[in-house]
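Just so you know, the sequence shown maps onto residues 25 to 285 in my numbering. We treat Cβ as the ideally placed atom computed from N, Cα and C, and that holds for glycine. Below is one structure, written out as structure tokens; comments come after it.
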Amino acid sequence: MHNKKGIFIFLWCIMLFCGCQIAAEQLEQGLSQQTESVSQTEDIEKAEVADVVDGDTIKVYLDGEKYTIRMIGIDTPESVHPDQSKNTIYGQKASEYAKEIFQEGQTVYLSKDVSDKDKYDRLLRYIWLEMPEDVNDEKEIRQKMYNAKVILDGYANAYQYAPDDTLYSLFLSFETEAANEKRGLWAENGLNQENIQKAEQQQQKLDAIEGEYAFIGNRNTKKLHSPLCSNLPKEENRVYFQYMQDAIDQGYVADKRCLGE
Ligand SMILES: [Zn+2]
25 MHNKKGIFIF
35 LWCIMLFCGC
45 QIAAEQLEQG
55 LSQQTESVSQ
65 TEDIEKAEVA
75 DVVDGDTIKV
85 YLDGEKYTIR
95 MIGIDTPESV
105 HPDQSKNTIY
115 GQKASEYAKE
125 IFQEGQTVYL
135 SKDVSDKDKY
145 DRLLRYIWLE
155 MPEDVNDEKE
165 IRQKMYNAKV
175 ILDGYANAYQ
185 YAPDDTLYSL
195 FLSFETEAAN
205 EKRGLWAENG
215 LNQENIQKAE
225 QQQQKLDAIE
235 GEYAFIGNRN
245 TKKLHSPLCS
255 NLPKEENRVY
265 FQYMQDAIDQ
275 GYVADKRCLG
285 E
């Protein structure tokens with residue numbers, strides 16, 4: 025009798041312990057989910073538009089100070105370059121596009137990729153026209169992020185500048201979409217010849233990213249590159265590989281700039 029009661033208490037303790045464990049795990053999971061979703065938007069800075077410099081640069085007030093923002097992942101034709109010969113009618117149009125979107129005093133939301141500033145001390149940011157709920161959601165990126173909209177509307181090229189290139193392949197696909205549909209500046213002979221060529225190269229890069237080829241070698245230098253590398257060999261010198269080992273077996277050496285060690 026005494027013994028039975030002892031066993032009962034023992035089992036009851038085990039059940040209690042397990043119950044606590046499960047509850048503790050659930051609590052922990054709940055907490056970590058919460059911190060994850062918060063951390064996505066907690067880094068977003070609220071700012072006020074001061075001026076538009078050009079299609080990919082604006083000035084904002086942030087915490088009472090004025091900053092220049094270089095928008096991540098995009099490049100628009102020049103309109104205010106100190107070297108006048110670099111400024112084009114297309115740069116002017118890209119600048120007008122930005123001026124239609126950004127009004128002085130407008131609230132915008134800024135998010136970072138990796139870096140805080142570039143070498144010219146400009147803030148490197150994605151600019152959201154509305155507060156996003158999930159900064160990684162493609163639908164929200166398309167609808168609310170200026171960096172994406174300006175490419176989708178055909179006023180900017182996708183631009184890769186490591187390490188702030190998390191959205192580069194997405195932006196490349198937006199550029200292809202805009203170019204194919206001849207939106208914005210693409211309607212006017214695709215910005216210019218140089219950009220048409222760039223778009224073709226980017227389509228090739230995109231094909232490579234989408235899995236046909238994972239590596240691109242240079243048959244002359246025997247260097248092996250990522251399809252995202254900014255120093256890809258000329259088309260006629262390219263050799264495509266699906267597996268790195270195949271390239272290494274043929275004497276190729278990984279380019280440290282794009283493939284690490
Ligand atoms: Zn490379």
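Residues bridged to residue i [DSSP beta-bridge criterion]
{"i": "tryptophan 152", "result": "Tyr133 and Met169"}
{"i": "aspartate 75", "result": "Lys83"}
{"i": "arginine 262", "result": "Asn242"}
{"i": "alanine 9", "result": "Only positions 25 to 285 of the chain appear in this structure, which leaves residue 9 out of reach."}
{"i": "valine 277", "result": "Lys247"}
{"i": "isoleucine 93", "result": "Ile82 and Leu147"}
{"i": "glutamate 69", "result": "Leu134"}
Coarse secondary structure for residue i, derived from DSSP in three states
{"i": "isoleucine 98", "result": "strand"}
{"i": "phenylalanine 195", "result": "helix"}
{"i": "asparagine 181", "result": "strand"}
{"i": "leucine 51", "result": "Residue confidence is low: leucine 51 scores 46 on pLDDT, short of 50, so the model does not pin down where it sits. No coordinate-derived value is stated."}
{"i": "lysine 117", "result": "helix"}
{"i": "lysine 123", "result": "helix"}
{"i": "lysine 141", "result": "strand"}
{"i": "serine 103", "result": "coil"}
{"i": "cysteine 282", "result": "helix"}
Burial state of residue i (16 or more Cβ within 10 Å)
{"i": "aspartate 145", "result": "exposed"}
{"i": "alanine 211", "result": "exposed"}
{"i": "valine 132", "result": "buried"}
{"i": "proline 187", "result": "exposed"}
{"i": "arginine 149", "result": "buried"}
{"i": "glycine 88", "result": "exposed"}
{"i": "isoleucine 113", "result": "exposed"}
{"i": "arginine 243", "result": "exposed"}
{"i": "methionine 95", "result": "buried"}
Heavy atom of ligand 1 within 7 Å of residue i beta-carbon
{"i": "aspartate 279", "result": "yes"}
{"i": "asparagine 244", "result": "no"}
{"i": "histidine 249", "result": "yes"}
{"i": "asparagine 181", "result": "no"}
{"i": "asparagine 160", "result": "no"}
{"i": "asparagine 261", "result": "no"}
{"i": "asparagine 255", "result": "yes"}
### Query
Are three or more beta carbon pairs between the segment 200 to 208 and the segment 93 to 111 nearer than 8 Å?
No: the two stretches stay apart, fewer than three of their Cβ pairs being nearer than 8 Å.
### Message
Within 8 Å, do at least three Cβ pairs link the segment 160 to 173 to the segment 70 to 78?
### Response
With a cut-off of 8 Å on Cβ pairs, the segment 70 to 78 is not in contact with the segment 160 to 173, counting fewer than three such pairs.
### Query
Should the segment 268 to 285 be called in touch with the segment 246 to 253, which here means at least 3 C-beta pairs below 8 Å?
Verdict: yes, contact present.
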